[in-house]
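Here's the structure, in structure tokens; my notes come after.
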Amino acid sequence: MKKINEYGWTGVFVRTDKGEEIFRGAVEAGYIVSEPGGSIESYYPVNPGHPKKKFAVPTRIEYRKKYGWPVPKIT
């Protein structure tokens, strides 16, 4: 990615529908410039535990659902 200003760039992972709504609102309001990223696999070097966590998390998701807590979208 090319640097578009003096602040550089960062990756964002949106995990819930509410997070998606907030993120899109910030983009539409002009607070954030959004460009498409790569596939999730391209981020593994940044977060090498992701594949392990992705498959270890179903029990935690069920626990969160049981108590009505927010549940992340796992892709």
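Start counting the sequence shown at 9; every next residue gets the next number (our numbering).
Ideal placement from N, C-alpha and C gives every residue a C-beta, glycine not left out.
The model shown is predicted, which means the values in this text are computed figures rather than measured ones.
Quiz item: Which same chain residues, not among the five before or five after residue 69, have their C-beta less than 7 Å away from its C-beta?
Solution: Reading the sequence shown from its first residue, position 61 is the one you call residue 69. These residues qualify, in order along the chain: 79.
Self-check item: Limits of the unbroken alpha helix (DSSP H) element including residue 71
Solution: The residue labelled residue 71 in the question sits at position 63 within the sequence shown. Where residue 71 is concerned, the enclosing alpha helix (DSSP H) stretches over 66-74.
Practice problem: Could you tell me the distance, in whole angstroms, from the CA atom of residue 32 to the CA atom of residue 17? | Solution: Your numbering for residue 32 matches position 24 in the sequence shown. Your numbering for residue 17 matches position 9 in the sequence shown. Taking the straight line joining both Cα atoms gives about 17 Å.
Practice problem: Would you kindly check if the distance between the Cβ of residue 23 and the Cβ of residue 81 is under 9 Å? | Solution: Locating residue 81 in the sequence shown gives position 73, where the first residue counts as 1. Locating residue 23 in the sequence shown gives position 15, where the first residue counts as 1. Going by C-beta atoms, residue 81 is nearer than 9 Å to residue 23.
Quiz item: Cα separation between residue 76 and residue 41?
Solution: Taking the sequence shown and counting its residues from 1, the one referred to as residue 76 is at position 68. Taking the sequence shown and counting its residues from 1, the one referred to as residue 41 is at position 33. Near 33 Å, if we compare the C-alpha coordinates of residue 41 and residue 76.
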